[in-house]
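Chains as they are written, first to last, in this note's numbering: chain A, 1 to 410; chain B, 1001 to 1390.
Idealized CB from N, CA, C, for every residue including glycine.
See below for the structure under consideration.
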């Protein structure tokens, strides 16, 4: 038998390089220079720097005298934004790399120096416009993401994990294998983008970091569940990333080069569409789960996906309302959807390695797959309807061109 | 521009898919995934028969892996799903850039991940913000400047780690999981420092780094510029080993050392709790990086081990010399507020600098010990002075 074809890993990333050793100055010279370092000399002189000498008001100190009070949840982003002079990012281009919007930029740094210290591409300055990154109520959603993050030690009762008949165990394990693969796709596709988002958008960066952790935390829990209850990992689902991988790679340009990258296409693909499908699948699996433990896992997954979808919808909605050319932006997103919907319907929603285990879980046994399929068929219209309702709320009407069939094609 | 497919045509195409046709004919017999043997018996199913009795810790990856009859492979399988998943015979295999266990594994990754999960906390709820007490102005100012600095640097690993996660073969899920937990940790740290800036009357301070930048004189630079450039600006094109050394073993380790002096930094239960929790998180990150380098050097083929070791020693020497990582110890926005916090008041600043000098010596010694643990002995080679240069 021929050995399997080798292909590059799905998501294009910049190649890595290894540092080449170069001759270094002798340690004595280094120590001598460190001794004469400007900071070392100042310390010896007993002085403190500008952070201490600048006037608290009218100097380089950002904001003295600010006193945020915890709200009913705790010290939220909302609480600090209420007192901050910069409660929201502006559309001013970022002038630094690692620089929060909460901190004033130093007035003595010249524009020439700024250009040198803050290259635009491949850095957190690439995405520094509100229409590229921001969402309404970012603080609230980020707080929710942290608050609802799963705490397995507190929330999961492993003792509720129940041995299942082989057919049901196999079905659950196959479904979990699909979910793990799906969440790795989301994590790999969206994770690197966080490094291109400016620090002025602290809430969005935090949200995306928590989203990344949500995916992986759930993968870890599903792996444990699968490897502990008598079964094991199932079969990889071919084609699950159909359309999605191409769109993400086209949008990122492999994260190489000085080019405009399209974060909105990725958010649409991952958070709006792919997470929408996972959300509906998880809802069905929640209904079909055969133990309290499994149901609890699926309930958590439903919550996670719903939050990711909510973020995606708010992001795309904000983008469409605030970008320079709404019409052009909408056309581009429609094209992304045109490409994704049929491929995801075929390779994800109608994939036997996804739908059949789900049907067995819903039917209650391997012999009752037909009954499970009947449930899926009945539920099917919700896939498209919920997705379209979300797009309506975003302002991207696709009812007349959506390529996800309104009724199950079986 | 691709032409949108006609809706009717799209439905017809879906209806003609083999599985859909089968279902339409009322044949719901599940496919080979349901009937196949596990891959070790020649089938496409991944693996079967894994049982683990949850204990009081629930199910931990440490114990789960120990109980698994299949060892963790030295080479990733190149699948899109987790280790021990199966695949159709004709499914392609993906060449993940980090597909050898030695390239990504850390000796303690499973236990560190479990700790990361069990110790997740919330900057909003888990810090006793109500226990903040007003500080003397100089102390509040010092603390706010210190956290202003930390607020802007904490996200660096979160910006870069996801690139490495996506390069790791999914056969090593533990590594991916741990790195994702670090991303969440760093986001929380950025958050908590940002919140602390505003919580007690100080507010965000002076732009960190600005003064050092304005004072920068290339003639006084410790390293020639072409070398200094190669070891600054960590970015996702760095070799993963170099990245772990730079970010997890040096940068975070020095920050960790700062937090170990939390008694000086925290003057009330709120600040103490904040630094204590962050210290726990940072300790995990440093431990992962250190034990990862050790695993690499213990397990890489001889030629690769030698090349990696040479690169690490170069990087270490350059980082030590340029003050990268240790630059925090000569960064006005970090070290001066630290000294003032340690002093307790401006009139005791000399005592604060004494503490910083002691801190310097401890940090260098800790670093050298850590390098030894990682398998890159720097004792006698380290460019950093053992005593503070001030």
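In whole angstroms, what separates the C-alpha of residue i from that of residue j?
i: residue 195 of chain A; j: residue 1024 of chain B; result: 47 Å
i: residue 1232 of chain B; j: residue 14 of chain A; result: 18 Å
i: residue 1001 of chain B; j: residue 325 of chain A; result: Caution is warranted here: a pLDDT of 44 is assigned to residue 1001 of chain B, below 50, making its placement in the model unreliable, and the coordinate value is therefore given only provisionally. Taking the straight line joining both Cα atoms gives about 18 Å.
i: residue 1103 of chain B; j: residue 40 of chain A; result: 39 Å
i: residue 368 of chain A; j: residue 236 of chain A; result: 24 Å
i: residue 1114 of chain B; j: residue 1327 of chain B; result: 32 Å
i: residue 1077 of chain B; j: residue 1234 of chain B; result: 30 Å
i: residue 94 of chain A; j: residue 300 of chain A; result: 37 Å
i: residue 264 of chain A; j: residue 1375 of chain B; result: 44 Å
i: residue 1332 of chain B; j: residue 1385 of chain B; result: 19 Å
i: residue 65 of chain A; j: residue 88 of chain A; result: 20 Å
i: residue 62 of chain A; j: residue 1207 of chain B; result: 8 Å
i: residue 111 of chain A; j: residue 261 of chain A; result: 25 Å
i: residue 258 of chain A; j: residue 138 of chain A; result: 29 Å
i: residue 214 of chain A; j: residue 304 of chain A; result: 7 Å
i: residue 175 of chain A; j: residue 1167 of chain B; result: 25 Å
i: residue 269 of chain A; j: residue 197 of chain A; result: 18 Å
i: residue 1180 of chain B; j: residue 1161 of chain B; result: 8 Å
i: residue 1021 of chain B; j: residue 165 of chain A; result: 29 Å
i: residue 355 of chain A; j: residue 349 of chain A; result: 7 Å
Note the first and the last residue of the continuous beta strand (DSSP E) segment covering residue i.
i: residue 184 of chain A; result: Run containing residue 184 of chain A: none in the beta strand (DSSP E); it sits in the alpha helix (DSSP H), 166-190.
i: residue 1095 of chain B; result: 1093-1095
i: residue 20 of chain A; result: It is not in any beta strand (DSSP E) - residue 20 of chain A carries neither H nor E in the DSSP assignment.
i: residue 8 of chain A; result: 6-8
Apart from the five residues on each side of it in sequence, which residues of its chain come closer than 6 Å, Cβ to Cβ, to residue i?
i: residue 225 of chain A; result: none
i: residue 408 of chain A; result: 377 and 380
i: residue 1164 of chain B; result: 1240
i: residue 1193 of chain B; result: 1147, 1150 and 1151
i: residue 959 of chain B; result: Shown here, chain B extends from 1001 to 1390; a query on residue 959 of chain B therefore has no answer.
Between the options, which has its C-alpha nearest residue i's C-alpha?
i: residue 1349 of chain B; options: A/33, A/48, A/24 and A/241; result: A/48
i: residue 1061 of chain B; options: A/220, A/100 and A/127; result: A/220
i: residue 1342 of chain B; options: B/1202, B/1318 and B/1263; result: B/1263
i: residue 54 of chain A; options: B/1138, B/1029 and B/1112; result: B/1138
i: residue 1046 of chain B; options: B/1080, B/1271 and B/1074; result: B/1080
i: residue 1043 of chain B; options: A/233, A/303 and A/267; result: A/233
i: residue 1197 of chain B; options: A/255, A/280, A/289 and A/84; result: A/84
i: residue 1141 of chain B; options: B/1005, B/1250 and B/1201; result: B/1201
In the DSSP assignment, find the alpha helix (DSSP H) that holds residue i and state where it starts and stops.
i: residue 54 of chain A; result: First-last for residue 54 of chain A: undefined, no H or E at that position.
i: residue 305 of chain A; result: 292-322
i: residue 1189 of chain B; result: 1173-1199
i: residue 362 of chain A; result: 352-363
i: residue 44 of chain A; result: 38-45
i: residue 216 of chain A; result: 202-226
i: residue 344 of chain A; result: 326-344
i: residue 348 of chain A; result: Where residue 348 of chain A is concerned, there is no enclosing alpha helix (DSSP H), given that its DSSP letter is neither H nor E.
i: residue 1137 of chain B; result: 1137-1153
Excluding the 5 residues preceding and the 5 following residue i in the sequence, name in chain order all residues of the same chain whose CB lies nearer than 8 Å to its CB.
i: residue 1242 of chain B; result: 1311, 1312 and 1315
i: residue 188 of chain A; result: 10 and 11
i: residue 1391 of chain B; result: Here chain B covers residues 1001 to 1390 and nothing more, so residue 1391 of chain B does not appear.
Please state the DSSP three-state secondary structure of residue i.
i: residue 197 of chain A; result: strand
i: residue 1373 of chain B; result: helix
i: residue 1058 of chain B; result: strand
i: residue 1238 of chain B; result: strand
i: residue 1390 of chain B; result: coil
i: residue 1098 of chain B; result: strand
i: residue 1206 of chain B; result: coil
i: residue 235 of chain A; result: strand
i: residue 1001 of chain B; result: Low local confidence applies: a pLDDT of 44 at residue 1001 of chain B is under 50, so the model's placement there is unreliable, with the coordinate-based value given in what follows. Coil.
i: residue 1038 of chain B; result: strand
i: residue 256 of chain A; result: coil
i: residue 1048 of chain B; result: coil
i: residue 60 of chain A; result: coil
i: residue 947 of chain B; result: Because chain B is modelled from 1001 through 1390, residue 947 of chain B falls outside the range shown and cannot be assessed.
i: residue 1088 of chain B; result: coil
i: residue 1306 of chain B; result: helix
i: residue 229 of chain A; result: strand
Report all residues from its chain with a CB closer than 7 Å to the CB of residue i; omit the five preceding and five following residues, and keep chain order.
i: residue 1269 of chain B; result: 1128 and 1131
i: residue 1287 of chain B; result: 1108 and 1112
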